[in-house]
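J.: Please see the structure below; I have some questions.
Protein chains in written order, with the numbering used here: chain A, 382 to 693; chain B, 9 to 517.
Below is the structure:
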């Protein structure tokens, strides 16, 4: 194979980006929620909830925008469960997250059989079409990769920048970071700690769900059981690798997406090697990156810790 | 207009069966420094937490400028112009000074204009003679600087009632004077200051009026002009304060524990103890003074075996114990350890008194046989210890969480002293205790010394330290500045050492 061929390179980069999009949406949600001090193991479930919601919405309204809307709604619903259990009731956030993942896995499989029935695997739902940005899309390599994408990808780029600006350039973002590091100090400064965490966790649900919606509405146009396939956990690794910074997490997702694209190509080129070996690649890279590259990451100081005012 | 800036009217608050505040009324005049004096547990902090919206009172009302205000959260308090500097600072150490200060401010708009705020902040801080870099990360500032950040924060938020909870406990004696000057300037600029303290001399030095609290009630309210320290002490404690007679030990024995050029790294790998050598003799109390965070914790922990020494040796009667583990140090070498943080390091709060009493020896006979506990032996043993230390509790099966701080400390002392140790390391043993419990702890330490135990007594409370120490060493940034005999260890001299002023210059001063 030769990766240096211009067309191959364009293809590879395009695939990398497409594979990273769901990760990036989810990782942005992860950054937001974890910066406010709430572990988000539930990203996986929220992607899946979003995927199902997107399929359902697109099916009912026969329109991709309806799909996206219902997808986001379902993700926010899953986020609200985490918020109520993990923030208000102070249930262990890891356990809550695992519970949500398992719950979503079960309920989406169940509902999908009721709604789509036998046609689930032959369905072709309405989806988003690529939009050429005139001029820009004819730049070699970069053009087709970045500027011949569908609405969701442009939305993702905008959201990554927005989350960054929100966290580092607005008073609310400062409040989020303070709550994640020292909720007692934030409370003393008059910031509603639980309110901030609710906002972040529910928004994270919506963001992760957009990742799931993208898979359905831009890639496969149908819903299948457990189609999130571990993406939420890769996104979680990207949050850590990106040091809880939205742009860092984005870069980490692109890295994972690139290795995913590479393994697909390797599978194609070396068909006599069992494909499972290549499939391991992105996960192997995520482990190696976490062990080796990041040095000692500094997670938000109060992450995973319940905050109560009168608890002395 | 009213003559009172702030009026707390008939406030009551109970926690379970304890009445933390019992019909407390507090009237504070505008532009004054009003001290609230009382022992630990007198209800001062509860009252201030009610005022700051952290606790809800059971009854009573709060008036600011004559108008009744509802304070349900710190937000409400800030809106009413009330700001508080907590004893444990409420700063986000990972953020910069300016970020901490604008945190929670209203009307910040959509965009966070930190540059503009930092300029305004620099102006404000210079008007009070502070020199603070608005962009510095708060966690990297000294404790004294962090306190200034807290005060600056209140001023920037335009609070005109400032509550300061034990503000001098983090300062060296040398820093207290300038700090009081600052308070006077704030008062003269029209701010109203409430100072919570248990230190009599501070009340006399800075306050205009003082309210004395005891057992959750207001004992008395008077002007400092009509008060003196003896009178305040009497009011605060409710009985004659024991006149402490010092019994320095004139004839300590041979060296029991020797630290030879010990260095310890902190969590970040920076030196927390920097080449410290100490000779601790049998039958003496060596006091270690210093502002909190100058290596005291590491000193105690390296002797107890909880952190490894990076370099140097630890010798017990000439035997190298540098590599010995925690249990071995206690059981074989007789090194007992009363940790600084009772709740975190000294006790398992939800376990029973009995289990806590054998926490360090539960695996060995007679408390366990063939790997199984013998609950009866453990309970009997705990009961014996509790009786001889007169620990007040319902039963040895009660979770130790429900005992008072003084009784918890007694259980720890009883446990650690039970094996007749040769070395006793005590860190901040009087922290948070009332006067009675402090007397008990101090006299127990003296008794151990007289029994020939080598005692290392680490404390940030200089007056308590000077009550029992035969020699006083001072830690500053991980260095042992000097070791003075008790009679030379005046508060002034130790204070200079605590501030890092080297001995020769201290001597010349």
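We put the CB at the ideal spot given by N, CA and C, even for glycine. These figures come from a predicted structure and were not determined experimentally.
1) Output needed for residue 240 of chain B: all residues of its chain with C-beta closer than 8 angstroms, excluding positions within five of it in sequence on either side, in chain order.
2) Could you compute how far the alpha carbon of residue 114 of chain B sits from the alpha carbon of residue 126 of chain B?
3) Look at the alpha carbon of residue 70 of chain B and the alpha carbon of residue 414 of chain A, and state the distance between them as a whole number of angstroms.
4) Output the boundary residues of the alpha helix (DSSP H) element that contains residue 118 of chain B.
5) Return yes when the Cβ of residue 422 of chain B is within less than 7 angstroms of the Cβ of residue 308 of chain B, no when it is not.
6) Could you work out which residues of chain A lie near residue 134 of chain B, taking near to mean beta carbons separated by less than 7 angstroms?
7) Chain A beta carbons: is any one of them nearer than 7 angstroms to that of residue 82 of chain B?
8) Quick one: using the 10 Å Cβ neighbour count with 16 as the cut-off for buried, is residue 612 of chain A buried or exposed?
9) Taking any Cβ of chain B, which residues in the stretch 385-418 of chain A have a Cβ under 7 angstroms from it, in chain order?
10) Taking only the alpha-carbon atoms, compute the straight-line gap between residue 604 of chain A and residue 590 of chain A and give it to the nearest angstrom.
11) Going along the chain, which residues of its own chain have a beta-carbon closer than 7 angstroms to the beta-carbon of residue 614 of chain A, five neighbours each way excluded?
12) Against chain A, with Cβ distances strictly below 7 angstroms, would residue 98 of chain B count as a contact?
13) For residue 33 of chain B, does the three-state DSSP call read helix, strand or coil?
14) Looking at the structure shown, is residue 427 of chain A part of a helix, part of a strand, or coil, going by DSSP?
15) Buried or exposed, going by whether 16 or more other CB atoms sit within 10 Å of the CB of residue 416 of chain A?
16) Going by C-alpha distance, which of B/21, B/68, B/234, B/446 is nearest residue 52 of chain B?
17) By the criterion of Cβ-Cβ separation under 7 angstroms, what are the contact partners of residue 119 of chain B in chain A?
18) Output, in chain order, the set of chain A residues within a Cβ distance shorter than 8 angstroms of residue 103 of chain B.
19) Mind checking which residues open and close the beta strand (DSSP E) that includes residue 530 of chain A?
20) What first and last residue would you give for the beta strand (DSSP E) that runs through residue 229 of chain B?
21) Mind checking residue 292 of chain B: buried by the 16 CB within 10 Å criterion, or exposed?
22) Assuming residue 183 of chain B and residue 152 of chain B are in contact, meaning their beta carbons sit under 8 angstroms apart, how far apart are those beta carbons, in whole angstroms?
23) On the CB-based measure, 16 or more other CB atoms within 10 Å of its CB, does residue 492 of chain B come out buried or exposed?
24) Give me the chain A residues within the contact set of residue 94 of chain B, using Cβ-Cβ distance strictly less than 8 angstroms, ordered along the chain.
25) Compare the C-beta of residue 112 of chain B with all C-beta atoms of chain A and state if any pair is closer than 7 angstroms.
26) Given a cut-off of 7 angstroms, decide if residue 172 of chain B and residue 162 of chain B are closer than it, judged by their beta-carbon atoms.
27) Report buried or exposed for residue 92 of chain B, applying the criterion of at least 16 other Cβ atoms within 10 angstroms of its Cβ.
28) Given a threshold of 16 other Cβ atoms within 10 Å of its Cβ, counted over all protein chains shown, does residue 80 of chain B qualify as buried or as exposed?
29) Mapping the DSSP letters down to three states, classify residue 202 of chain B as helix, strand or coil.
30) Under the rule that 16 or more other beta-carbon atoms within 10 Å means buried, what is residue 370 of chain B, buried or exposed?
31) Give a yes or no on whether the minimum CB-CB distance between residue 666 of chain A and chain B is below 7 angstroms.
32) Out of A/566, A/533, A/638, A/617, point me to the one whose CA is closest to residue 598 of chain A's CA.
33) If I follow the unbroken beta strand (DSSP E) through residue 44 of chain B, where does it start and stop?
34) Output the residue ranges of the alpha helix (DSSP H) runs that lie fully inside the stretch 425-505 of chain A and measure 4 residues or longer, sorted by chain position.
35) Would you tell me roughly how many angstroms separate the C-alpha atoms of residue 667 of chain A and residue 621 of chain A, rounded to the nearest one?
36) Just to confirm, are residue 663 of chain A and residue 640 of chain A a CB contact at a threshold of 7 angstroms?
T.: With the given structure in hand:
1) 45, 208, 211, 212, 218, 220
2) 16 angstroms
3) 37 angstroms
4) Element bounds for residue 118 of chain B: n/a, residue is neither H nor E.
5) no
6) Per Cβ cutoff of 7 angstroms: no residues; residue 134 of chain B is ~23 angstroms from chain A at best.
7) yes
8) buried
9) none
10) 14 angstroms
11) 425
12) yes
13) strand
14) helix
15) buried
16) B/21
17) 550, 551
18) 555, 558, 559, 562
19) 529-531
20) 225-231
21) buried
22) 6 angstroms
23) buried
24) 569
25) yes
26) no
27) buried
28) exposed
29) strand
30) exposed
31) no
32) A/533
33) 41-45
34) 445-463, 474-497
35) 10 angstroms
36) yes
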